[in-house]
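Residue numbers (my numbering), protein chains in the order written: chain A, 185 to 514; chain B, 185 to 514.
2 protein chains.
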Amino acid sequence: MQRFINDPDQVVEDTVKGFVKAHSDIVRLAENPRVVVARQAPVAGKVGVVTGGGSGHEPAFIGYTGRSMLDAVAVGELFSSPTAKSFHDAIRAADGGKGVVVLYGNYAGDNMNVKMATKLAAKDGIEVATVVANDDVCSAPASEREKRRGVAGEIFMWKVGGAKAATGASLEEVRAAAQKAIDRCRSIGVGLGPCTLPAVGHPNFRIEPGTMEVGIGHHGEPGVRVEPLKTAEEVARDMVKIVLDDHGLPEGTEVAVLVSGLGATPLNELYILNDTIESEISARGLKIRETWIGNYFTSLGMVGATLTVMALDDELKTLLDVETRCTILL
Amino acid sequence: MQRFINDPDQVVEDTVKGFVKAHSDIVRLAENPRVVVARQAPVAGKVGVVTGGGSGHEPAFIGYTGRSMLDAVAVGELFSSPTAKSFHDAIRAADGGKGVVVLYGNYAGDNMNVKMATKLAAKDGIEVATVVANDDVCSAPASEREKRRGVAGEIFMWKVGGAKAATGASLEEVRAAAQKAIDRCRSIGVGLGPCTLPAVGHPNFRIEPGTMEVGIGHHGEPGVRVEPLKTAEEVARDMVKIVLDDHGLPEGTEVAVLVSGLGATPLNELYILNDTIESEISARGLKIRETWIGNYFTSLGMVGATLTVMALDDELKTLLDVETRCTILL
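This is the structure in structure tokens:
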């Protein structure tokens with residue numbers, strides 16, 4: 185295991201410490217060391233915006249803490265939900281008296297812990313609304329969309345929710361904007377190589393050399409098919425087809441595109457994928473308004489990439505243009 | 185080779201095409217498809233700022249094109265210098281009538297081609313000044329600093345040079361500021377795993393599992409020693425020691441820190457390294473003003489990280505604070 189780590193059981197601890205040191209102008213730790221808080225939070229009279237999730241997806245989730253973005257983030261162990269207590273503490277840290285929206289991904293542990301945290305917050309007198317991301321098209325059929333997992337579309341959801349809250353909107357308005365953002369997102373992942381949880385010490389699943397896993401999840405969840413590794417052009421074409429067939433957008437729709445590496449994919453390969461992604465999306469009569477490309481939502485050292493397409497409307501365009509300040513260029 | 189590529193001989197072509205599509209709001213291609221130009225360049229009455237280098241280091245070099253940053257970038261084949269013609273075309277694309285500064289790394293091919301391009305530009309009546317980055321402390325002893333290679337310190341050099349040019353400074357003032365920036369930078373790389381040139385198809389050097397290469401170069405150039413893989417804490421301590429022993433900075437000096445992944449290192453491991461890097465630098469009585477952390481200067485899919493420390497003064501602090509717009513958060 186060729187990794188920069190100390191005690192494998194302390195990876196999250198060490199990650200968060202080093203992160204907060206690097207970005208102390210933007211974030212701080214709450215009393216609970218599993219909660220990262222934006223320096224200016226809570227902002228009186230603003231809806232608080234919270235997320236949380238397992239570690240190992242950096243810069244998600246903590247890297248999106250900041251101004252006009254997330255006010256507080258609950259940090260879980262590697263690939264595991266934060267505790268209900270951490271979600272609760274994040275909600276309290278973000279609360280500026282106008283309610284808190286929790287924007288998180290559809291995983292059993294997170295669902296359970298956010299639900300418990302919401303009840304605890306109610307006892308504090310904090311009103312909480314939630315939006316559950318389910319943009320991963322390969323994790324369940326369209327007829328069971330509520331079963332789908334949340335993946336990189338969460339970043340668009342946070343950006344939209346964070347921006348809406350920054351405009352002074354109400355809790356219901358922020359919730360509705362974030363819900364719309366994720367409703368209009370579809371994502372797919374393709375894996376070329378597995379990742380390793382340091383405490384385990386060997387890959388937690390296999391991808392045979394010469395093959396790829398189409399539809400892989402953010403923790404190596406099996407996709408819809410394993411097939412021989414194709415060219416970047418063919419892979420990109422398949423990704424666009426799967427995402428847009430599910431999306432069913434009318435011609436002329438404006439979209440935002442996010443191409444993210446999964447941790448160990450060189451950036452130039454994302455550009456190579458994007459060359460075809462852009463052509464394929466345009467060939468379907470959609471208009472790409474903006475493309476975000478880089479390591480936005482990773483899975484430790486997984487080799488692979490994800491594509492997210494969000495269908496825009498005027499409100500979403502305005503919110504995407506709101507200036508943010510977090511640790512990533514948005 | 186588990187990679188997202190098409191024809192291995194077309195990697196650079198495909199990379200640049202996909203990059204320009206993603207960032208067409210910031211960059212465009214020159215007539216020469218091996219030259220990326222900032223959309224607003226050339227700016228009349230502003231010193232042009234140019235760099236260039238081999239591909240495979242994305243987001244370097246092309247990703248740093250933009251406002252108050254690089255005006256034009258010459259693109260080489262993978263790990264190879266751009267041609268003299270491409271450097272020349274980049275100089276012409278950046279020329280706003282006030283001269284052009286070329287800020288590049290100390291490699292034989294780049295030195296030769298920039299020199300030829302400078303002569304060609306002189307015939308066009310364009311005055312060119314150059315700064316050669318040599319921040320890699322392990323590539324030659326301090327007594328032969330002129331032999332040292334340029335690595336991630338180039339990013340600070342570009343930021344300072346680009347910002348100085350944006351203030352309306354003269355060619356000599358921009359050159360002097362960029363020269364000061366790189367003179368005050370020291371960098372080191374540590375490699376845990378090799379990278380593969382797609383056209384070759386197998387790693388171009390070996391790092392035995394369980395070992396690491398201390399002082400590795402950006403193309404896998406051998407470092408100063410191969411040793412058993414240590415903990416992140418020990419690695420970070422060694423990196424800081426090597427960089428700061430060479431630097432010899434007085435107590436109280438303010439510094440900027442850049443921790444970059446080499447392409448296949450998960451971001452959380454850079455945070456883990458930074459936890460110790462920050463403590464060690466502070467323990468030596470230096471003051472960290474800011475930390476940049478992420479995949480800023482990579483080497484295809486190399487597993488490893490670099491540390492750069494730049495000693496600041498008032499001018500450099502002011503220039504680091506100039507707002508830029510390129511594809512990376514600076």
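For each residue, glycine too, the CB sits at the ideal point set by N, CA and C. These numbers were taken from a predicted model, which means no experiment stands behind them.
Annotation: B:G436 to B:F481 spans about 28 angstroms, alpha carbon to alpha carbon. Its chain contains L287, V315, M341, V344 and G345 as the residues whose beta carbon lies nearer than 6 angstroms to that of B:A362, once the 5 sequence neighbours on both sides are disregarded; these appear in chain order.
When rounded, the separation of the alpha-carbon atoms in A:F203 and A:F245 is 12 angstroms. Counting C-beta pairs with one atom in each stretch, the stretch 368 to 384 of chain A and the stretch 322 to 342 of chain A have three or more that are closer than 8 angstroms, which means they touch.
Ranking A:D320, A:R276, A:A317 and A:A326 by CA distance to the CA of A:K307 puts A:R276 first. The bridge partners DSSP lists for B:W476 are B:L442.
For the options B:G238, B:M253, B:R368 and B:T267, the alpha carbon positioned closest to that of B:Q224 is the one of B:M253.
Under the three-state reduction of DSSP, A:L514 is assigned to coil, being neither helix nor strand.
For the 8 angstroms CB-CB criterion, B:S264 and B:V219 do not form a contact.
Nearest CB-CB separation between B:L451 and chain A: below the 8 angstroms threshold. Put simply, the CB of A:L457 is near chain B, with a gap under 8 angstroms to one of its CB atoms.
Residue contact with chain B for A:A416: present (Cβ-Cβ distance below 8 angstroms to some residue of chain B). Taking a contact to require three or more Cβ pairs closer than 8 angstroms, the stretch 282 to 299 of chain A and the stretch 381 to 390 of chain A do not qualify as touching. With respect to the C-alpha of B:G469, the residue from B:L428, B:S444, B:L484 and B:D422 having the closest C-alpha is B:L428. Secondary structure at A:M494: strand, using DSSP grouped into helix, strand and coil.
Residues of chain A with a Cβ closer than 7 angstroms to the Cβ of B:N479 are, in chain order, L451 and N479. Contact of B:P393 with chain A by beta-carbon distance below 9 angstroms involves M185 and Q186. DSSP, read as helix, strand or coil, puts A:I400 in coil. DSSP places B:G394 in no alpha helix (DSSP H); its state is neither H nor E. Distances from the CA of B:H402 to each of B:R409, B:A278, B:D279 and B:D320 were compared; the closest alpha carbon is that of B:D320. C-alpha of A:C322 to C-alpha of B:E328: approximately 57 angstroms in a straight line.
Taking a cut-off of 8 angstroms for Cβ pairs, the stretch 448 to 461 of chain B and the stretch 439 to 457 of chain A touch, as three or more such pairs fall below it. An exposed status is given to A:S466, since fewer than 16 other beta-carbon atoms sit within 10 Å of its beta-carbon. Linking B:E405 to B:E392 through their CA atoms gives a straight-line distance of about 15 angstroms.
Contact check for B:G309 against B:G232 fails: the beta carbons are separated by 8 angstroms or more.
Under the three-state reduction of DSSP output, B:K471 falls in the strand class. With its beta carbon less than 8 angstroms from one in chain B, A:K201 belongs to the interface.
Taken through DSSP and simplified to helix, strand or coil, A:T482 comes out as coil. For the 8 angstroms CB-CB criterion, A:G240 and A:S463 do not form a contact. Sequence-distant partners of A:A440 (beyond 5 residues in either direction) whose C-beta falls short of 7 angstroms from its own C-beta, in its chain, are F340, R473, E474, M494, L496 and L504. Rounded to whole angstroms, A:M300 and A:V312 show a C-alpha spacing of 11 angstroms. Here B:G352 is actually not in contact with B:V487; their C-beta atoms are around 43 angstroms apart, not less than 8 angstroms.
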